[in-house]
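The next block holds one structure in the form of structure tokens; read it before the comments.
Residue numbers (my numbering): 612 to 768.
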């Protein structure tokens, strides 16, 4: 399963769309907040793909979509448990420890987050912490899950 991971589009829909178009073999899209309007547009263009989306700190005020999405979500995907959040509620700009503990609490194999706009990947004690970076700044994530193995990388547009 190939999963595209996006965060922090902040209105840069054309970059989000361009990145998605580079991966016609993707089976899923995960959006980690701060641009839910962009994510909704993208989902309309890829109605057959599975999707997960959570709201970010910039999605909270008055856009009409914030009640539709949760702050965090855990999903079982291709035999792996994936915890998704924007990251602002776990102070990820300062430390990933709060996120790490929450993902452990959720028994996750992978914890996905955004908010910092910086691509990040770290494996620790069987948990992958992964930030795709900001698609508005040209960065996104690609995760492959196959036969129990998880490969993660960052794409650029």
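Heads up, the beta-carbon is just placed ideally off N, CA and C, and yes, glycines get one too. Please read all numbers here as calculations on a predicted model, not as lab measurements.
### Task
Please check the pair residue 723 and residue 705, which I expect to be a contact at CB under 8 Å, by giving their CB distance rounded to whole angstroms.
Along the chain shown, one-based indexing puts residue 723 at 112. Along the chain shown, one-based indexing puts residue 705 at 94. 18 Å between Cβ atoms; not a contact.
#### Entry: Heavy atom of the ligand GTP within 6 Å of residue 658 beta-carbon
This structure lacks the ligand GTP; in fact it carries no ligand of any kind.
### Query
Can we say the region 658-672 touches the region 731-749, given the rule of at least three CB pairs closer than 8 Å?
no
### Task
Can you tell me the Cβ-Cβ gap for residue 679 and residue 698, rounded? I've got them flagged as a contact below 8 Å.
Counting from 1 along the chain shown, the entry for residue 679 is found at position 68. Counting from 1 along the chain shown, the entry for residue 698 is found at position 87. 20 Å between Cβ atoms; not a contact.
#### Entry: residue 556 classed as buried or exposed, judged by whether at least 16 other C-beta atoms fall within 10 angstroms
Absent from the model: residue 556. The displayed extent of the chain is 612 to 768, so no value can be given.
### Task
Pull up the DSSP beta-bridge partners for residue 669, would you.
As a working note, residue 669 is residue 58 in the chain shown. Partner(s): none; residue 669 has no beta bridge.
### Query
CB-CB under 7 Å to residue 624, same chain, minus the five flanking residues each way: which ones, in chain order?
Along the chain shown, one-based indexing puts residue 624 at 13. Same-chain partners within the cutoff: 649, 652.
### Message
So for residue 684, helix, strand or coil by DSSP?
### Response
One-based indexing of the chain shown puts residue 684 at position 73. It is a strand residue.
### Message
On the DSSP bridge list, what partners appear for residue 741?
### Response
Taking the chain shown and counting its residues from 1, one reaches residue 741 at position 130. Looking at the DSSP assignment, residue 741 forms a beta bridge with 723, 732.
### Task
Go to residue 716, then tell me how far its alpha helix (DSSP H) extends in each direction, as first and last residue.
In the chain shown, residue 716 corresponds to position 105, counting from 1. First-last of the alpha helix (DSSP H) with residue 716: 708-716.
### Task
Give the secondary structure of residue 654 by DSSP, where H, G and I count as helix, E and B as strand, and everything else as coil.
What you label residue 654 is simply residue 43 of the chain shown in a count that begins at 1. Note: residue 654 maps to helix in three-state DSSP.
### Query
In whole angstroms, what separates the C-alpha of residue 700 from that of residue 707?
In the chain shown, the residue the question calls residue 700 occupies position 89. In the chain shown, the residue the question calls residue 707 occupies position 96. Approximately 11 Å between the Cα atoms of the pair.
### Task
Check residue 664 in the structure and name its three-state DSSP category.
Mapped onto the chain shown, residue 664 falls at position 53. It is a strand residue.
### Query
Among 753, 632, 620, 716, which has the Cα closest to the Cα of residue 656?
Sequence index remark: in the chain shown, residue 656 carries index 45 (1-based). Checking every option, the nearest Cα to that of residue 656 belongs to 632.
### Query
In terms of residue numbering, what span does the beta strand (DSSP E) encompassing residue 755 cover?
Mapped onto the chain shown, residue 755 falls at position 144. Per DSSP, residue 755 belongs to the beta strand (DSSP E) from 750-757.
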